[in-house]
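In what follows, a single structure is set out as structure tokens and then discussed.
There are 2 protein chains.
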Amino acid sequence: MKHEMSEAFEMIVNGIFETIEAKRYVDAREMLLEQNEVDIAEILEEVTEELGVEATVIIFRMLPKDVSVEVFSYLPSEDQKAIISGITDKEISYIIEELHFDDKIDVIEELPANLVTKILARASKEERKMINTFLNYPEDTAGSLMTPEYISLRHDMTVGEALAKIRKEGMDSETVYTCYVKDPSRRLLGIVSLRALVINDDDKKISEIMSDDYVYINVYDDQEEVSDAFTKYGFLAMPVVDNEHRLVGIITVDDVLEVIEEETTEDIERMAGVLADDGDMEYLDISVFGHCKSRLPWLLLLTVSLMITGVIIARFETVLEQVVVLTCYLPLLMGTGGNTGTQAATLIIRGLSLGDIELKDALRVFWKEFRISLILGFILSVFNFAKIMIIDRESVAIAVTVCLSILIVIMFAKLIGGLLPMLAKRLGIDPALMASPMISSLTDMVACLTYLAMASMILGIAI
Amino acid sequence: MKHEMSEAFEMIVNGIFETIEAKRYVDAREMLLEQNEVDIAEILEEVTEELGVEATVIIFRMLPKDVSVEVFSYLPSEDQKAIISGITDKEISYIIEELHFDDKIDVIEELPANLVTKILARASKEERKMINTFLNYPEDTAGSLMTPEYISLRHDMTVGEALAKIRKEGMDSETVYTCYVKDPSRRLLGIVSLRALVINDDDKKISEIMSDDYVYINVYDDQEEVSDAFTKYGFLAMPVVDNEHRLVGIITVDDVLEVIEEETTEDIERMAGVLADDGDMEYLDISVFGHCKSRLPWLLLLTVSLMITGVIIARFETVLEQVVVLTCYLPLLMGTGGNTGTQAATLIIRGLSLGDIELKDALRVFWKEFRISLILGFILSVFNFAKIMIIDRESVAIAVTVCLSILIVIMFAKLIGGLLPMLAKRLGIDPALMASPMISSLTDMVACLTYLAMASMILGIAI
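Protein sequences, first through last, are from chains A and B.
First residue of the first sequence? That's 1268 in our numbering, and the numbers climb one at a time after it.
First residue of the second sequence? That's 1268 in our numbering, and the numbers climb one at a time after it.
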């Protein structure tokens, strides 16, 4: 199947929709089964949205068992819950049993307690213990991302024995492409790729072909560290160990893609003054109240800062009373400060988050932003000077007041925009919080103060 | 090795730095070789920065050949160029020959023409042809990301024959974990995982165990589509075909991680009003002039829009002349508009880019933002009303003017912030361009206009 959100795919989806609306479920099933499981899940998600969750449950129950499990794992948790309450306990058990371990944990975390008890009762003693352990890892840690489904080998096995073990157990592992070598007390010794097993002779010892140049993750590492490690090293899977260096699970790159998406969304939202607790929830799935809750705190804080800006203006009321035309350039001053500051802050925040910029680069950032602000400040001042003199036909004194203020505000905004995120990082605060809203309210204050102070000096108005 | 940017790693790096500064290169080499190749590259990058590129070249030449090739592929292109001009032609040829094909193309693209000619002259005829083909795929397409290093099988082979082929060729492939099945005219028929080969009997036919439920990419697809496909399906590698469905290469997930990073950076920069042509360049590596060039265009555009806001104020000068205190609340109005609009725009832009929100959701977005703006507008109006009456002790007329304006501005800002990015997408413009600077300059204008119009109406001032 060609990947695309294309018209062709839209047409297929529409066709399936029509058959479902006409209640020709068997036809719908046939058409669905020609799609990849990920796409089936996507189509079912739309079915829920457009035709109601009942239609989704009907179609879901008609899917072959093995397909239904995979489709289930790709559905959003709302749909998963709806399906679970619409199918029999036996069907639920089958799905939960067949899910990959990490998906299983995700589903169980969302289920009501009585259902969880039922599921745990049916699980083997060993599995029950493991589910409980995994449920206890804090959210957003490596432990919550990992799966215990990997192939482990002993260092004294031969390649032939290892391959036999993989043939026997392989089907249950999330990945067989890297095998992990443990000593008898479960400590991680090294890794062997399936590729190495396949290209070596059957009687070679694992210890001879095993590599001890592996990178591992601690089970309590933050998920952001995990995604950094994957981005840096480009591995497909990484082993997770506890504090005694015992292998407790592995993390695969497909789960990391989701983490990267989630972390980036949180960063972007923070940069726009939205409390980002719902980084993993979609915009349309968040309630109006939820949206208000995540947007209000910053707005209130910014309102207070804007009130202070108002106080500054009130302090200079005499200046404005005498030269009312100055008010016309106030938005220009405030807007330019906000815009130039935001540019610098955004670049620095992104650089910090990618590791391109480190705290020790503060002086280099300062020096760079200083020169940038001189050039940009000069260009924008000249541009505005010309406009004020030629188009507005104001006095030189006013043009000088405005343009000198622009230069000062741009320099301040670029430096504060460049350095504030770094200061935040130094203090252990998320630099993303120092973006657009924070910077613009700071530059607003400074812009007003600078502008009106310059005006009273240059125009000689006592305040 | 434990992954961390931790103090422990910092200490190791400092130790290596000291030995290099003391010119004890042999010791430095030993210490370096205990690190992973990715880390060696990172350390060398810092060596270049702190001690100059000569030190990097000296150490690089002391590394064992196989390590040096891998380290080379992780170095930034500036360092690669420096190393290439500091080593012999023979050493260059060795490195280029041993690089993975996709890295090879990346390096060759950056090299001066005379060196490229030399390298092509040494390559086999077949490889020369392939290099030329790959160099011709447009940047940012699937073609520029793919590698021809994959295992291809014929559908009439047995599992045993396939494994023998992998044993023979496997070492040269970027991934052997998925094998691609072609017909005699090179058209892609299906895929077989190494796992399937290992767990099946040697005399089974490939056609029996091959899967035709694969997702493929067209060689001219944009790299953003490629990263969307990987995020959606969670594959480790995907096949790339030309318009005749002939298999031309594969893309692996590690190269996609870089694309995701690059595309996200471009989005974030655009949202802050920075022209994002340098999405793959680091902040510190871009010159002051480069930074000015990418920041100036938006600033000039915004200056023009802020001038228009100034004109609006000039139009209402009589209002401000008579009630100067109104000016004190101007920043509040403009700031609140910008902040609330930015919040909505950012959430929508991110949702569009992740595929959570589609164009057909416009009405739902409208309805949601409408209700959110009513709630937030009400809360902020009441908050400000209380402050103006109790703290500022202004008249009810002024408080009503300000708070009614706040409500209107918030409603406008939320709706325009929610819908403008969707309109942009509909028109084929990048929604990210409709973020903070664009939204705030629009809301600035509307805020001024609303506020002053309300004032002249409520306070009964003829304009």
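Ideal Cβ positions, reconstructed from N, Cα and C, are used throughout, including at glycine.
Looking only at C-alpha atoms, which of the options sits nearest to residue i?
| i | options | result |
| --- | --- | --- |
| Leu1366 (chain B) | B:Ser1340, B:Glu1584, B:Lys1385 | B:Ser1340 |
| Ser1703 (chain B) | B:Ala1390, B:Gly1540, B:Tyr1447, B:Ile1359 | B:Gly1540 |
| Ile1283 (chain B) | B:Leu1311, B:Glu1436, B:Gly1618, B:Asp1356 | B:Leu1311 |
| Ala1349 (chain B) | B:Met1678, B:Glu1377, B:Gln1302 | B:Glu1377 |
| Cys1715 (chain A) | A:Met1701, A:Ala1691, A:Ile1673 | A:Ile1673 |
| Leu1514 (chain A) | A:Cys1446, A:Leu1551, A:Asp1552 | A:Cys1446 |
| Asp1333 (chain B) | B:Leu1647, B:Ile1476, B:Val1669, B:Asn1303 | B:Asn1303 |
| Val1676 (chain A) | A:Ala1612, A:Glu1636, A:Ile1706, A:Thr1603 | A:Thr1603 |
| Phe1497 (chain B) | B:Asn1485, B:Gly1516, B:Leu1524 | B:Leu1524 |
| Glu1636 (chain B) | A:Pro1564, A:Leu1318, A:Gly1557, A:Ala1691 | A:Gly1557 |
| Val1280 (chain B) | B:Arg1291, B:Lys1290, B:Ala1295, B:Ala1289 | B:Ala1295 |
State yes or no: is the C-beta of residue i within less than 8 Å of the C-beta of residue j?
| i | j | result |
| --- | --- | --- |
| Asp1734 (chain A) | Thr1408 (chain A) | For chain A, the structure presents residues 1268 to 1730; residue 1734 (chain A) sits outside this window and is missing. |
| Gly1610 (chain A) | Arg1537 (chain B) | It should be noted that the sequence gives Gln, not Gly, for residue 1610 (chain A). No, the pair does not count as a contact, with Cβ atoms beyond the cut-off. |
| Leu1412 (chain B) | Ile1527 (chain B) | no |
| Glu1436 (chain A) | Ile1418 (chain A) | yes |
| Tyr1500 (chain B) | Leu1600 (chain B) | no |
| Ala1720 (chain A) | Leu1593 (chain A) | no |
| Asp1711 (chain B) | Pro1598 (chain A) | yes |
| Thr1323 (chain B) | Asp1346 (chain B) | yes |
| Thr1414 (chain A) | Phe1368 (chain A) | yes |
| Leu1566 (chain A) | Leu1643 (chain B) | yes |
| Met1689 (chain A) | Ile1615 (chain A) | yes |
| Ile1398 (chain A) | Ile1359 (chain A) | no |
| Leu1726 (chain B) | Val1590 (chain B) | yes |
| Leu1503 (chain B) | Leu1464 (chain B) | no |
| Ile1580 (chain B) | Cys1595 (chain A) | yes |
| Ile1466 (chain A) | Arg1462 (chain B) | no |
| Leu1318 (chain B) | Ile1287 (chain B) | yes |
| Tyr1404 (chain A) | Asp1623 (chain B) | no |
| Glu1491 (chain A) | Glu1428 (chain A) | no |
| Ala1664 (chain A) | Asp1534 (chain A) | no |
| Thr1576 (chain B) | Leu1647 (chain A) | no |
| Ile1728 (chain A) | Ala1612 (chain A) | no |
| Val1520 (chain A) | Val1493 (chain B) | no |
| Arg1328 (chain A) | Ile1351 (chain A) | no |
Tell me, please, which residues DSSP counts as bridged to residue i.
| i | result |
| --- | --- |
| Asp1489 (chain B) | B:Thr1408 |
| Lys1472 (chain B) | B:Thr1425 |
| Ile1518 (chain A) | A:Met1505 |
| Thr1414 (chain B) | B:Ile1517 |
| Lys1449 (chain B) | B:Arg1421, B:Leu1455 |
| Ile1484 (chain B) | B:Val1507 |
| Ser1460 (chain A) | A:Thr1445 |
| Ser1478 (chain B) | B:Ile1458 |
In chain order, what residues of the same chain have a beta carbon less than 7 Å from the beta carbon of residue i, not counting five sequence neighbours either side?
| i | result |
| --- | --- |
| Tyr1481 (chain A) | Gly1457, Ile1458, Pro1506 |
| Ile1639 (chain A) | Lys1681 |
| Leu1455 (chain B) | Tyr1447, Lys1449, Tyr1483, Pro1506, Val1508, His1512, Leu1514 |
| Ser1460 (chain B) | Tyr1444, Thr1445 |
The ligand GDP and residue i: does any heavy atom of the ligand fall closer than 7 Å to the residue's C-beta?
| i | result |
| --- | --- |
| Tyr1404 (chain B) | For the structure depicted, the ligand GDP is absent and the ligand set is empty, with no information on it obtainable. |
Residues in the same chain with beta-carbon distance under 6 Å from residue i, minus the five sequence neighbours each way, listed in chain order, please.
| i | result |
| --- | --- |
| Ala1666 (chain A) | Phe1652, Ile1655, Met1656 |
| Ile1362 (chain A) | Val1336, Phe1339 |
| Met1424 (chain B) | Ile1473 |
| Thr1315 (chain A) | Thr1323, Asp1346 |
| Ser1344 (chain B) | Glu1377 |
| Ala1691 (chain B) | Pro1698, Met1701 |
In chain order, what residues of the same chain lie with their CB nearer than 8 Å to the CB of residue i, ignoring the 5 residues before and after it?
| i | result |
| --- | --- |
| Arg1693 (chain B) | Leu1626 |
| Ser1452 (chain A) | Arg1513 |
| Ile1476 (chain A) | Val1426, Val1459, Ala1463, Leu1464, Asn1467 |
How do the segment 1620-1637 of chain A and the segment 1684-1692 of chain A stand: do at least 3 beta-carbon pairs fall below 8 Å, yes or no? Enough Cβ pairs lie closer than 8 Å, so yes.
Decide yes or no for the touch test of the segment 1580-1594 of chain B against the segment 1660-1671 of chain A: beta carbon pairs closer than 8 Å, at least 3 of them. The segment 1580-1594 of chain B vs the segment 1660-1671 of chain A: no contact.
Decide if the segment 1384-1396 of chain B is in contact with the segment 1470-1481 of chain B; the criterion is three or more beta carbon pairs, one per stretch, under 8 Å apart. The segment 1384-1396 of chain B and the segment 1470-1481 of chain B do not touch, with fewer than 3 CB-CB distances between them shorter than 8 Å.
Within 9 Å of chain E by C-beta, residues of the segment 1591-1617 of chain A in sequence order: Looking for chain E here will not work: the only protein chains present are A and B.
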